[in-house]
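Per UniProt numbering, the sequence shown runs over residues 1 to 416.
Here's the structure we're looking at; comments come further down.
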Amino acid sequence: MPLGALLLLLVKASQVPAGDVTVRILTTVFGFMVLVLLLSGLNATVFQAAPQESWRKRLPTIFLDVARFGLIGIGLAMILSYIWGVRVAGLFTALGVTSVVIGLMLQNSVGQIVSGLFMLFEQPFRMDDWLDTPTGRGRVVEVNWRAVHIETGAGLRITPNSMLATTSFTNLSRPVGSHKCSITTKFASADSPDKVCAMLTRAAGGLPQLKSGVVPTTVALGGGEYRTTVRLKSPADEGATQATFLRWVWYAARRDELHLDEADDDFSTPERVQTALRTVVGPELRLSLSDQQSLAPYGRVLRYGTDEIVQHAGVVPSGMTFIVAGSVRLTATIEDGSVVALATLHKGAMLGVTALTRQPNPTGAVALEEVTVLQIDREHLEQVVMSKPILLQELGRLIDERQAKAQRVIRRERVG
Numbered sequence: 001m002p003l004g005a006l007l008l009l010l011v012k013a014s015q016v017p018a019g020d021v022t023v024r025i026l027t028t029v030f031g032f033m034v035l036v037l038l039l040s041g042l043n044a045t046v047f048q049a050a051p052q053e054s055w056r057k058r059l060p061t062i063f064l065d066v067a068r069f070g071l072i073g074i075g076l077a078m079i080l081s082y083i084w085g086v087r088v089a090g091l092f093t094a095l096g097v098t099s100v101v102i103g104l105m106l107q108n109s110v111g112q113i114v115s116g117l118f119m120l121f122e123q124p125f126r127m128d129d130w131l132d133t134p135t136g137r138g139r140v141v142e143v144n145w146r147a148v149h150i151e152t153g154a155g156l157r158i159t160p161n162s163m164l165a166t167t168s169f170t171n172l173s174r175p176v177g178s179h180k181c182s183i184t185t186k187f188a189s190a191d192s193p194d195k196v197c198a199m200l201t202r203a204a205g206g207l208p209q210l211k212s213g214v215v216p217t218t219v220a221l222g223g224g225e226y227r228t229t230v231r232l233k234s235p236a237d238e239g240a241t242q243a244t245f246l247r248w249v250w251y252a253a254r255r256d257e258l259h260l261d262e263a264d265d266d267f268s269t270p271e272r273v274q275t276a277l278r279t280v281v282g283p284e285l286r287l288s289l290s291d292q293q294s295l296a297p298y299g300r301v302l303r304y305g306t307d308e309i310v311q312h313a314g315v316v317p318s319g320m321t322f323i324v325a326g327s328v329r330l331t332a333t334i335e336d337g338s339v340v341a342l343a344t345l346h347k348g349a350m351l352g353v354t355a356l357t358r359q360p361n362p363t364g365a366v367a368l369e370e371v372t373v374l375q376i377d378r379e380h381l382e383q384v385v386m387s388k389p390i391l392l393q394e395l396g397r398l399i400d401e402r403q404a405k406a407q408r409v410i411r412r413e414r415v416g
């Protein structure tokens with residue numbers, strides 16, 4: 001603004017000729033500043049303030065730089081032509097010869113820039129895409145004149161454009177939602193292949209990174225090896241998916257009496273079962289010593305890993321589960337498929353309380369830490385519990401409370 005006011009003062013008030021050198025210099029500086037201001041405002045409004053997932057936000061900065069330099073060049077050419085009377089055609093000819101000389105001197109750097117431009121015009125990847133290149137694997141966070149910046153697990157890897165233009169690489173993000181994670185596990189040769197495949201597929205089906213609507217698959221490879229394939233929401237989830245899956249399979253294999261890595265499990269001993277009956281199940285169900293002894297041969301002490309599903313909502317349980325150690329979160333599933341928390345249960349709490357009534361579970365349950373439980377099948381509990389009417393009333397009241405709590409949460413989420 002001060003520069004424009006000074007220019008008007010010289011031309012209008014002081015009657016200085018427009019061809020005066022001082023006026024030309026001021027006009028040139030003023031015009032250049034207006035040009036830069038307009039370009040900066042356009043960039044800030046259209047691109048920098050764009051939504052995170054829009055094409056404007058994902059446009060590589062190298063395109064913006066090329067467009068900015070091109071517009072500045074056109075603006076300077078117009079300023080030189082109209083203010084200074086320079087023959088722009090002759091200037092471009094001189095610049096063309098000069099650019100050839102500079103290009104020969106800086107052919108490596110210019111080659112990288114040109115390679116980057118041609119590669120980006122083809123658009124084999126965009127910002128935030130995941131690439132698997134010969135030098136690393138990660139997410140594209142920046143594309144500039146010389147290189148592509150890829151964020152990997154080991155840090156930021158700078159890959160020259162010329163290298164990407166001359167070597168093959170894999171875009172893990174295209175097509176969208178097609179990335180798969182394959183995990184190989186090994187079991188004892190005596191384990192039933194169908195039972196192993198069912199257990200692995202069931203464990204993979206509970207992974208939080210699993211793409212909705214897609215069912216994992218497991219195939220036997222021979223030699224006791226199995227491959228489980230999981231379709232992921234994003235390539236960024238692969239590491240977390242493998243870690244969670246292998247951790248859950250360790251627990252699930254032992255619950256199903258399978259031998260992961262040919263290892264045996266002797267966690268559910270008669271001593272542990274009797275201790276759980278005496279300290280947890282007996283007080284909760286008011287069992288006499290003879291009742292506890294009659295149930296001891298049918299109880300199993302099992303373990304669940306952190307975040308593993310202990311109880312599925314809407315499924316009729318085959319038996320009751322008693323928490324011996326650890327804690328679980330009761331959950332309810334609302335209409336859109338999302339899961340909300342209801343309460344936290346600790347040692348002594350019961351799951352599968354609808355087993356005796358053969359009703360579906362009104363709630364789900366997820367382990368908040370490593371959880372140890374005692375599980376007893378329905379037919380063995382019926383022989384003991386059916387003769388205790390007061391206990392049956394308390395179990396019925398507990399079922400009603402959990403159903404009511406789940407319905408209240410679902411209604412509140414629907415209204416909200």
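From the three backbone atoms N, C-alpha and C, an ideal C-beta is built for every residue, glycine too.
- Its Cα nearest to that of A406, the residue A332 stands out among P270, A332, A44, T185.
- In the DSSP assignment, the residues bridged to R157 are I150.
- Per DSSP, the continuous beta strand (DSSP E) segment holding Y226 begins and ends at 225 to 231.
- The DSSP-derived three-state label of Q407 is helix.
- Comparing alpha-carbon positions, the option among Q274, A190, T217, L42 lying closest to D264 turns out to be A190.
- A44: not part of any beta strand (DSSP E); DSSP gives it neither H nor E.
- In chain order, R300, L302, G319, T321 place their CB closer than 6 Å to the CB of Q375, counting only its own chain and leaving out the 5 sequence neighbours on each side.
- Counting along the chain, no beta strand (DSSP E) covers W248; the unbroken alpha helix (DSSP H) around it starts and ends at 238 to 255.
- When Q359, V409, L221 are compared, the shortest CA-CA separation from A343 is found for V409.
- Distance between E401 and S288, taken at the CA atoms: about 27 Å.
- Boundaries of the alpha helix (DSSP H) harbouring Q274: 270 to 276, taken from the DSSP string.
- Note on F267: under 16 other CB atoms within 10 angstroms of its CB, so exposed under the neighbour-count rule.
- With fewer than 16 other Cβ atoms inside 10 Å of its own Cβ, L42 counts as exposed.
- When only Cα atoms are considered, R329 and A367 end up about 6 Å apart.
- Of the candidates R397, G224, L210, the residue whose Cα lies closest to the Cα of K195 is G224.
- For E379, the closest of L391, L156, L172, R358 by C-alpha to C-alpha distance is R358.
- Separation of R87 and I74 (C-alpha to C-alpha, rounded to the nearest whole angstrom) is 14 Å.
- Cβ contact annotation for V215 (same chain, cutoff 8 Å, sequence separation greater than five): T201, G205, in chain order.
- DSSP, reduced to helix, strand and coil, places R397 within a helical segment of the structure shown.
- Between Y226 and G305, the gap from beta carbon to beta carbon reaches 7 Å or more.
- For T321, the uninterrupted beta strand (DSSP E) segment begins and ends at 319 to 325.
- For G299, the enclosing beta strand (DSSP E) stretches over residues 299 to 304.
- In this structure A188 is in contact with H259, their Cβ atoms being roughly 4 Å apart against a cut-off of 8 Å.
- About 6 Å separates the beta carbons of D132 and L172, which is inside the 8 Å limit, making them a contact pair.
- For the pair L356 and L156, the Cα-to-Cα distance works out to about 57 Å.
- Short of 6 Å from the beta carbon of V219, and not among the five residues preceding or following it, lie these beta carbons of its own chain, in chain order: R227.
- For the pair V373 and V324, the CB atoms are nearer than the 7 Å cut-off.
- Annotated three-state conformation of R139 is strand, per DSSP.
- Here W130 has R139, L172, S173, P235 as same chain residues with Cβ atoms under 6 Å from its own Cβ, once five neighbours each way along the sequence are excluded.
- Within the DSSP bridge table, the entry for Q311 names A365 as partners.
- Annotated three-state conformation of Q375 is strand, per DSSP.
- The beta carbon of F125 sits closer than 7 Å to the beta carbons of L131, V140, N171 from its chain, once the five residues preceding and following it are set aside; these are given in chain order.
- Beta bridge pairing from DSSP links A263 with no other residue.
- Shortest Cα-Cα distance from D377 to any of T363, Q393, G352 involves G352.
- Rounded to the nearest angstrom, the gap between the Cα atoms of Q393 and V384 is 15 Å.
- Contact annotation, A198 with W248: C-beta distance approximately 14 Å; criterion of less than 8 Å not satisfied.
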